[in-house]
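Trainee: Chains as they are written, first to last, in our numbering: chain A, 1 to 344; chain B, 1001 to 1348.
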Amino acid sequence: MLASQETGLVIVVALVVITLTALAGSHADRVSGTTVNNFLNSNTLIQVATDASFFAIMAIGATIVIISGGIDLSVGSIYALAGVSMALALRALGQASPGTIVVVGLVTCVGVGLLCGLLNGMLVVGLRVHPFIITLGTMWVLRGIAFVATKAESILVPFSLTGVTKASLGLRGGLYPVPMLVMIAVTILGTLYLTRTVMGRHIFAFGGNIEASRFAGLALGRIQLGVFAVSGLTAGLAAFLGASLYGSASSGDAQGYELYVIASAVVGGASLIGGKGSAIGAMLGALLIVLIRQSIRTLHFDQNYEWIVIGCAIIVAVVIDRWSAGVTTRRLSRSAASSTGITT
Amino acid sequence: MRFRLTATALLAVTGVIACGKGAETANDSTKTAATSGAPVAHSDSVLRIAMIAKSSTNPVFLAARTGAEAAAKDLSEKNHMRVEVLWLTPPQEDGQVQAQRIQQAVNDGVDAVLISCSDAGKVTGAINDAVDRGVPVMTFDSDAPQSKRFAYYGVDDNKTGQQTMAELATLMGGKGKVAILAGNQNAPNLQHRVQGAKDEAAKHPGMQIIGVFNHVETAQDASAEVVRVDNAYPDIQGWAFIGGWPLFAQSLLTDQTFTKLKTASVDALPAELAYIDKGVVPVLLAQSVYEWGNIGVRTIFDKVHLKKDVPQTIPMELVRVSKENLGQWAKQLQAWGFTDVDPKYLKM
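#1: Please confirm whether A/Ser248 and A/Leu156 have their CB atoms less than 9 Å apart.
#2: Between A/Ser154 and A/Ser244, which are expected to be in contact by the criterion C-beta below 8 Å, what is the C-beta distance as a whole number of angstroms?
#3: Contact criterion: CB-CB distance below 9 Å. Does B/Asn1186 meet it with respect to chain A?
#4: What does B/Gln1208 pair with, by DSSP beta-bridge criteria?
#5: How about B/Ser1056: is its C-beta nearer than 9 Å to some C-beta of chain A?
#6: What separation, rounded to the nearest whole angstrom, lies between the Cα atoms of B/Asp1199 and A/Leu20?
#7: What in chain B is Cβ-close to A/Gly242, meaning under 7 Å?
#8: What does the alpha-carbon distance come out to for the pair B/Lys1344 and B/Ala1063?
#9: Any beta carbon from chain B within less than 9 Å of A/Trp382's own beta carbon?
#10: Does DSSP put B/Phe1241 in a helix, in a strand, or in coil?
#11: Helix, strand or coil for B/Gly1154 per DSSP?
#12: If the cut is a Cβ gap below 9 Å, which residues of chain A does B/Thr1124 touch?
#13: Should B/Gln1100 be counted as a contact of the ligand PLP given a C-beta to heavy atom distance under 8 Å?
#14: Could you tell me the alpha carbon to alpha carbon distance between B/Gly1121 and A/Ala87, rounded to whole angstroms?
#15: When you compare only the Cα positions, how much space is there between A/Ser271 and B/Ser1055?
#16: Leaving aside the five residues before and after A/Met283 along the sequence, list all residues of the same chain whose C-beta is less than 6 Å from its C-beta, in chain order.
#17: May I ask you to list the residues that DSSP assigns as paired with B/Val1283?
#18: Please state the DSSP three-state secondary structure of B/Ile1236.
#19: Is the Cβ-Cβ distance between A/Gln354 and A/Gly61 less than 9 Å?
#20: From the DSSP output, in three-state form, read off B/Thr1089 for me.
#21: State the Cα-Cα distance for the pair B/Tyr1152 and B/Ala1240, rounded to the nearest angstrom.
#22: Got a sec, what are the start and stop residues for the beta strand (DSSP E) B/Phe1140 sits in?
#23: Listing by chain order, which chain A residues have their CB less than 7 Å from the CB of B/Pro1091?
#24: Do the CB positions of A/Ala59 and A/Phe39 come within less than 9 Å of each other?
#25: Around the C-beta of B/Asp1349, are 16 or more other C-beta atoms found within 10 angstroms, so that it is buried, or is it exposed?
#26: Taking the alpha-carbon of B/Gly1327 as reference, which of B/Glu1317, B/Leu1318, B/Val1341 and B/Pro1315 has the nearest alpha-carbon?
#27: Where does the unbroken alpha helix (DSSP H) through B/Pro1315 begin, and where does it stop?
#28: Which residues, in order along the stretch 1097 to 1110 of chain B, keep a beta-carbon less than 7 Å from a beta-carbon of chain A?
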């Protein structure tokens, strides 16, 4: 069941969809000749979900880090390194069966992502340096490794890999629902992890009150290691989808994506001071940001305003979220005070 | 929930207001592309072309956009129809975003796509999907040769690199230590230019390349890279700029180290003409960047509307700009719609 904040996001996403549908206009479909809405058509909707899927999958991992009170600036670089590692591994593999290619590609991508995440976690825990600094450093280091490894070349991945991500799954040609389905699956897994596992509850406890967690005997280092590992893993998975869908990987991939990912998490309700956030919120946040970008193009507005719009949206979301949290806290205080008969 | 709802509603409102403001105030050619904020249901009398350059912060692509919109206007008037150019260029170079924008354009029902590929590998699949869905694609500046695009218009990049290094070799008397300024390391067209420059340098035994230097493709980043390299290699004697990025700013005009070096560069936009005038960069090899858009739109019109056969490769020749033809080139830039040409060059 959705929490109130996710319900609000769902309503807003729905409102944006309705508004875009109403204002988008229509065109004659090139194949069927029928008139289709410029926004509310299967191609555009799946494309929006596909565009959001890379951010959303990474944002779910990043949200888990944020809930723990940390931050991961290296997700874009992990994405690039995982993608090029997969492409290089598949190039080295040469001719192989489609199944082997997919397995090797997925294992390489997710494995490299996981290793990068573990590296971040170990550095944060071992060096006792703030995650912002550690991941700022690894952001450059990992992209640098990708650059050196590829010599700036954009490496093509085998068609059999592209065929998996571009599988139509029974839909008509030109519709590729796999990234969207993976995004939904990761959202469900992320939700279960955060709300139904002991580790998930520990992450909330750690981010909500680190001192209380320490006194409660939680393994703080293991929690931090775990959250960065998950973040790296989701970045690796997103890289697998991205590289296989678009057919190549390069060291320049996903530059600046860390900001979209953090923005998705924050718009989705994650608190940068920790203790608050959800996988569904991260997914909806990514979807909302991509919808805002899409609206600029669907309504044929000047796309040069895209960064301004997204920037304003993030600031407004965070400011009002903080304001709402303050109001809620005051209400709870008043309620508690009145129930105990204490007046202030 | 109420607060979250308010927050996110404000998000949407902020976006719409900002976009609307953008559309209202845009007095540039976005209005040519879409004559009103709301999309227009198109008929046979409308040809909609999505133009996706590498980066909307690079002036050469803004010139290409001007050329595309001029061609669209001219074709619209001559053929009593509407040719629209939809500018879908990402703010910064990103092959994945370009691929997404091709998909968006096709979903939006455009009639053709004109693209300069940041990463051929990334956009080839999207180009092929677009063609499979009946939307022809043409490339300019940077090609995706393995794709199903019907035509490419641009310079031979290997030859461009060769010409740049050949000009530098002439300036330096065929000997000396030189560096290559190379822009985005992932752009295949620039990689080919670098290779061409290296091949040419190899023909001059006295020329030694100390390095190839990549950078973010803005004037500031490029200028800073040049200064950094000049400081790091005190024995450097010349530069081959395979793109004109640092010359879009004026800082190197007065840089004491740089002005003592010999430089040959690709591109000759208005901001760069002062470098020729002052003799800092005696030779610029101009790409007719305006023609990327102009020829691109006209070729698409021929192919899609007139159903003509067009060549798969349309070569663009570089124009050698020096003090001798500076005035003539300045007038050409002005005729192409550049408003920032220094009047003193127009009087030459």
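The beta-carbon is built from N, C-alpha and C at its ideal position, and this holds for glycine as well.
Mentor: A quick look at the data gives this:
#1: To locate residue 248 of chain A, count along the first sequence from 1; it is residue 248. To locate residue 156 of chain A, count along the first sequence from 1; it is residue 156. Yes, they are a contact pair.
#2: Taking the first residue of the first sequence as 1, we reach residue 154 of chain A at position 154. Taking the first residue of the first sequence as 1, we reach residue 244 of chain A at position 244. At roughly 14 Å, the Cβ-Cβ gap does not stay under 8 Å, so A/Ser154 and A/Ser244 are not in contact.
#3: The residue you call residue 1186 of chain B lines up with position 186 of the second sequence. So, interface residue.
#4: In the second sequence, the residue the question calls residue 1208 of chain B occupies position 208. Bridge partners of B/Gln1208: B/Lys1177.
#5: Numbered from its first residue, the second sequence carries residue 1056 of chain B at position 56. Output row for B/Ser1056: interface = yes.
#6: To locate residue 1199 of chain B, count along the second sequence from 1; it is residue 199. To locate residue 20 of chain A, count along the first sequence from 1; it is residue 20. Distance between the alpha carbons of B/Asp1199 and A/Leu20: 53 Å.
#7: As a working mapping, residue 242 of chain A is identified with position 242 in the first sequence. Near A/Gly242 (Cβ distances below 7 Å), the residues of chain B are Gln1096.
#8: Position 344 of the second sequence, counting from 1, holds the residue named residue 1344 of chain B. Position 63 of the second sequence, counting from 1, holds the residue named residue 1063 of chain B. The alpha-carbon atoms of B/Lys1344 and B/Ala1063 are separated by roughly 21 Å.
#9: With chain A represented from 1 up to 344, any question about residue 382 of chain A goes unanswered, as that position is not in the structure.
#10: Looking up residue 1241 of chain B in the second sequence gives position 241. Note: B/Phe1241 maps to strand in three-state DSSP.
#11: In the second sequence, counting from the first residue as 1, residue 1154 of chain B sits at position 154. In the structure shown, B/Gly1154 sits in a strand (DSSP, three-state: E or B).
#12: Position 124 of the second sequence, counted from the start, is the residue given in the question as residue 1124 of chain B. Neighbours of B/Thr1124 on chain A, chain order: Leu156, Tyr246, Gly247 and Ser248.
#13: With respect to small molecules bound, the structure shown includes none, and the ligand PLP cannot be examined in it.
#14: Here residue 1121 of chain B refers to the residue found at position 121 of the second sequence. Here residue 87 of chain A refers to the residue found at position 87 of the first sequence. Approximately 12 Å, taken between the alpha carbons.
#15: Stepping through the first sequence from its first residue, residue 271 of chain A is reached at position 271. Stepping through the second sequence from its first residue, residue 1055 of chain B is reached at position 55. Each residue's alpha carbon lies about 33 Å from the other.
#16: By one-based count along the first sequence, residue 283 of chain A stands at place 283. Excluding positions up to five away in sequence, the list reads Ala56 and Thr187.
#17: What you label residue 1283 of chain B is simply residue 283 of the second sequence in a count that begins at 1. Paired residue(s): B/Ala1264.
#18: One-based indexing of the second sequence puts residue 1236 of chain B at position 236. Reduced to three states, the DSSP call for B/Ile1236 is coil.
#19: A question about residue 354 of chain A goes unanswered here, because the residues of chain A that appear run from 1 up to 344.
#20: For the purposes of this step, residue 1089 of chain B is taken as residue 89 along the second sequence, with counting starting at 1. Of the three classes helix, strand and coil, the one that applies to B/Thr1089 here is coil, per DSSP.
#21: As a working note, residue 1152 of chain B is residue 152 in the second sequence. As a working note, residue 1240 of chain B is residue 240 in the second sequence. Rounded to the nearest angstrom, the two C-alpha atoms are 26 Å apart.
#22: In the second sequence, counting from the first residue as 1, residue 1140 of chain B sits at position 140. Val1137 to Phe1140 is the extent of the beta strand (DSSP E) around B/Phe1140.
#23: Within the second sequence, numbered from 1, the residue matching residue 1091 of chain B stands at position 91. Within chain A, the residues near B/Pro1091 are Glu306 and Trp307.
#24: The sequence position of residue 59 of chain A within the first sequence is 59, counting from 1. The sequence position of residue 39 of chain A within the first sequence is 39, counting from 1. Cβ distance not < 9 Å, so A/Ala59 and A/Phe39 don't count as in contact.
#25: This structure cannot settle anything about residue 1349 of chain B, because the visible part of chain B is limited to 1001 through 1348.
#26: By 1-based counting over the second sequence, the position of residue 1327 of chain B is 327. Minimum Cα distance to B/Gly1327 is reached at B/Val1341.
#27: By 1-based counting over the second sequence, the position of residue 1315 of chain B is 315. Per DSSP, B/Pro1315 belongs to no alpha helix (DSSP H); it is in the beta strand (DSSP E), Thr1313 to Pro1315.
#28: Ala1099, Gln1100, Gln1103, Gln1104, Asn1107, Asp1108 and Gly1109
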